[in-house]
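Residue numbers (the working numbering): 18 to 269. Have a look at the structure below, then the notes.
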């Protein structure tokens, strides 16, 4: 019923994160592959760093490497993702497009550059592209120049930010604070039960769920009509042959 329970109002940044964001005059990019990816191949790391060098934005990257340019690219094994996405200076979220990160970006109206890796991330990123909330790239195939170009398009075009702002407004109006909404529905189910929320499909046989009984009936009818038509044509053809055989002797 409720997605994005990890999204919430951003807390003020502290320490090195606050210092880096304050010093990034043109805004920042938040980049993370979540907790599912521990080690990033060197060729991917090198490509991303080359792309970031072409930008005038600060980058906060959740990754286990030492930054070659700490004044412009901050690397850390952990980042306060929700708080960074909620900061007014955040211009873009580069992500593998897992559900939690996607909902946090939606909640804080930050457009996304999707770099899907596996699982539902391909579907999630395709949804982002279709709704024009960001772009999608294959980080194994895209060059550093192409990635930098995509970042610039999302950040400076304005279309993606506007679309994400509209989607965020709708989401917040519907769910307000997702954690509170989730807690409300948990209490609701505990008090009233959730039987009325269950789909009737859960009680149906699998062949009815996929309408196989209806499809089978239609197939049988079609086969019956084809056989009937075949028999009718065969009967008419035989009658026509007999009729010709009867006429020929009379003419002779």
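Even glycine gets a Cβ: it sits at the ideal position worked out from N, Cα and C.
Residue 91 sits in a strand when the DSSP states are folded into three classes.
Residue 172 and residue 204 have their C-alpha atoms spaced approximately 41 Å apart. Buried is the label assigned to residue 114, since at least 16 other Cβ atoms lie within 10 Å of its Cβ. Relative to the Cα of residue 88, the nearest Cα in the group 235, 76 and 176 belongs to 76.
In the three-state reduction of the DSSP assignment, residue 62 falls in the helix class. Counting along the chain, no alpha helix (DSSP H) covers residue 157, and no H or E run does either. Under the DSSP assignment, residue 130 falls outside any alpha helix (DSSP H), being part of the beta strand (DSSP E) whose first and last residues are 129-131. Under the three-state reduction of DSSP, residue 49 is assigned to strand. Residue 152 has 130 as its beta-bridge partners, per DSSP.
Judged by DSSP in its simplified three-state form, residue 112 adopts strand. Contact annotation: the region 85-101 does not touch the region 140-156, with fewer than three C-beta pairs closer than 8 Å. Judged by their CB atoms, residue 100 and residue 30 are nearer to each other than the 7 Å cut-off.
Boundaries of the beta strand (DSSP E) harbouring residue 76: 75-79, taken from the DSSP string. Burial of residue 181 is indicated by the presence of at least 16 other C-beta atoms within 10 angstroms of its C-beta.
Taking 4 residues as the minimum length, the alpha helix (DSSP H) runs contained wholly in the region 187-262 are 195-209 and 223-226, in order along the chain.
Between the C-alpha atoms of residue 179 and residue 118 there is a straight-line separation of about 19 Å.
A residue is called buried when at least 16 other Cβ atoms come within 10 angstroms of its Cβ; residue 215 does not meet this threshold and is exposed.
Pairwise C-beta distances place the region 45-52 in contact with the region 63-80, as three or more of them are shorter than 8 Å.
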